[in-house]
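Peer 1: Here you go, one structure.
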Amino acid sequence: MKRDLLSLWDLTSGEIIHIIHRARSMKEEWARNQLKKSMAGKTLGMIFVKPSTRTRVSFEAAAYRLGGNCIFMTEKDTQLSRKEPLADTARVLSRYVEILVMRTYGHDDVVELARHATIPVINGLTDSFHPCQILADLMTVEERRGSIDGLRAAWVGDGNNVAHSWINAAAILGFSLTLACPEGYDPEAGVMEKARSEGRGEIILTRYPREAAALADVISTDVWASMGQEEEAEARRQVFRPYQVGATLLSGAPPKAIVLHCLPAHRGEEITDEVFEGPQSAVFDQAENRLHVQMALMEWMHEGSA
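Each residue of the sequence shown is one higher than the last, beginning at 370 in my numbering.
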């Protein structure tokens with residue numbers, strides 16, 4: 370049966386844990402040169418409207434490590450640039466490749482692609498959600514902490530797509546999440562309402578970063594102005610300055626708390642260089658784990674739809 374990953378709500382708690390554990394196993398299997406070529410003879414198709422470093426390279430490398438191939442397309446490389454409907458593109462590409470990844474602005478576009486594709490579709494990032502990132506983040510937390518059980522997570526900064534996926538994860542897996550966001554930059558109300566009405570985790574919204582960090586096992590942040598918000602960058606710097614993840618904030622957090630950033634980082638803005646390069650930072654393990662999670666996710670999707 371075809372399965373899509375458009376947001377983490379497309380997965381059960383058990384499936385999230387399975388993908389994380391499989392990713393950790395595949396990481397070890399690759400190091401021992403024992404990784405199964407589960408994508409041999411298969412092709413991953415990628416449609417990217419937004420630019421990328423980690424999402425693109427991790428998916429391409431994941432496909433190759435699993436013995437598969439990858440075709441990367443920007444919007445201008447396809448007839449989408451000439452207004453071919455996504456429905457038509459989905460149905461054609463479904464006959465050429467085995468899995469599709471789309472990275473774009475509007476979430477409705479990846480939903481439309483998945484609606485008409487007969488193969489699994491993965492959200493490589495939209496303005497609403499970034500599910501693959503949070504799978505890698507949770508894998509990193511489990512590596513460092515030993516378990517996700519009883520996790521206390523903090524988000525400091527903009528209530529953006531990555532924050533939305535942290536909210537989804539907390540709701541599905543039942544851990545505690547405190548988000549510190551400036552007024553006017555909260556997560557979308559619908560995302561919060563669904564998490565609180567259908568989920569299991571305690572989700573708190575505050576205006577005070579130190580309150581969010583006080584009991585946190587993991588503190589996550591992101592840039593203050595995401596792609597498409599460049600004209601707001603200077604105004605956002607003024608609003609978000611008190612929400613910087615720096616030594617002062619970490620001094621009020623548990624000593625074993627780790628710091629995550631989905632990258633790219635603007636050092637000196639949302640995170641200081643001292644923290645970014647410090648002993649509590651796990652940002653490069655987190656970035657590496659995108660690759661392993663991508664492998665586990667594609668293997669799971671391919672085997673489930675075979």
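Note that beta-carbon positions come from the ideal geometry of N, C-alpha and C, so glycine has one too.
What residue does the alpha helix (DSSP H) around Thr509 start on, and which one ends it?
Peer 2: Thr509 -> alpha helix (DSSP H) spans Pro500 to Arg514.
Peer 1: Is it right to say Ala616 is buried, meaning 16 or more other beta carbons lie within 10 angstroms of its own, or is it exposed?
Peer 2: Looking at its Cβ environment, which holds fewer than 16 other Cβ atoms inside 10 Å, Ala616 is exposed.
Peer 1: Taking the C-alpha atoms as reference points, what is the distance between Val427 and Val466?
Peer 2: Inspection of the sequence shows that residue 427 is occupied by Ser rather than by Val. In a straight line, the C-alpha of Ser427 is about 18 Å away from that of Val466.
Peer 1: Check whether the stretch 611 to 631 touches the stretch 644 to 658, taking contact to mean three or more Cβ pairs, one atom from each stretch, closer than 8 Å.
Peer 2: Touching, yes, given that three or more Cβ pairs across the two stretches are closer than 8 Å.
Peer 1: Could you tell me the boundaries of the alpha helix (DSSP H) in which Gly559 lies?
Peer 2: Run containing Gly559: Ala558 to Glu567, per the alpha helix (DSSP H) assignment.
Peer 1: Identify the residues that DSSP records as bridge partners of Met471: which are they?
Peer 2: Looking at the DSSP assignment, Met471 forms a beta bridge with Ile416 and Asn492.
Peer 1: Are the Cβ atoms of Pro489 and Asp379 separated by less than 7 Å?
Peer 2: Not a contact, by the Cβ cut-off of 7 Å.
Peer 1: Pick helix, strand or coil for Ile517, following the three-state DSSP scheme.
Peer 2: Residue state, collapsed to three classes: coil.
Peer 1: Tell me, which residues are paired with Cys439 by DSSP?
Peer 2: For Cys439, which the question treats as bridged, DSSP gives the partners Leu413.
Peer 1: Counting only the same chain and skipping the five closest in sequence on each side, list residues whose C-beta sits under 6 Å from that of Leu660.
Peer 2: The residues are Ser427, Ala430 and Ala431.
Peer 1: Three-state secondary structure (DSSP) at Arg464?
Peer 2: In the structure shown, Arg464 sits in coil (DSSP, three-state: anything other than H, G, I, E or B).
Peer 1: Does the beta-carbon distance from Val628 to Ser595 come in below 7 Å?
Peer 2: Contact: no.
Peer 1: If you drop the 5 nearest sequence neighbours on each side, which residues of the same chain put their C-beta closer than 8 Å to that of Met670?
Peer 2: Excluding residues within five positions, the ones whose Cβ falls inside 8 Å are Arg372, Leu374, Ile468, Pro489 and Ile491.
Peer 1: Nearest CA to the CA of Glu571: which residue from Thr509, Lys563 and Gly437?
Peer 2: Checked all of Thr509, Lys563 and Gly437; the closest Cα to Glu571 is Lys563.
Peer 1: Over the uninterrupted beta strand (DSSP E) stretch that includes Leu546, give me the two end residues.
Peer 2: Segment Ser545 to Ala549, the beta strand (DSSP E) holding Leu546.
Peer 1: Between Pro578 and Val525, is the Cβ-Cβ spacing less than 7 Å?
Peer 2: Yes, the pair counts as a contact, with Cβ atoms nearer than the cut-off.
Peer 1: Check whether the stretch 468 to 483 and the stretch 553 to 569 are in contact - that is, three or more C-beta pairs closer than 8 Å.
Peer 2: Judged by Cβ distances under 8 Å, the stretch 468 to 483 makes no contact with the stretch 553 to 569, as fewer than three pairs qualify.
Peer 1: Do Val479 and His499 have their CB atoms nearer than 7 Å?
Peer 2: For Val479 and His499, no; Cβs fall outside 7 Å.
Peer 1: Please specify which runs of the beta strand (DSSP E), each continuous and at least 3 residues long, are wholly inside the stretch 589 to 668, giving them in chain order.
Peer 2: Qualifying beta strand (DSSP E) stretches, in chain order: 627 to 630.
Peer 1: Determine the closest residue to Ala549 out of Met664, Thr412, Glu398 and Ile588, with distance taken between C-alpha atoms.
Peer 2: With distances taken between Cα atoms, Ala549 lies closest to Ile588.
Peer 1: In or out: Asp679 buried (at least 16 other Cβ within 10 Å) or exposed?
Peer 2: Look at the range of the chain in this structure, 370 to 675, and you will see that residue 679 is not part of it.
Peer 1: Around the C-beta of Ser450, are 16 or more other C-beta atoms found within 10 angstroms, so that it is buried, or is it exposed?
Peer 2: Classification of Ser450: exposed, given that the 10 Å Cβ count is below 16.
Peer 1: So, at 6 Å on beta carbons, what are the nonlocal neighbours of Asp654 in its own chain, with the 5 sequence-adjacent residues on each side left out?
Peer 2: Within the same chain, Asp654 has close Cβ partners Thr509.
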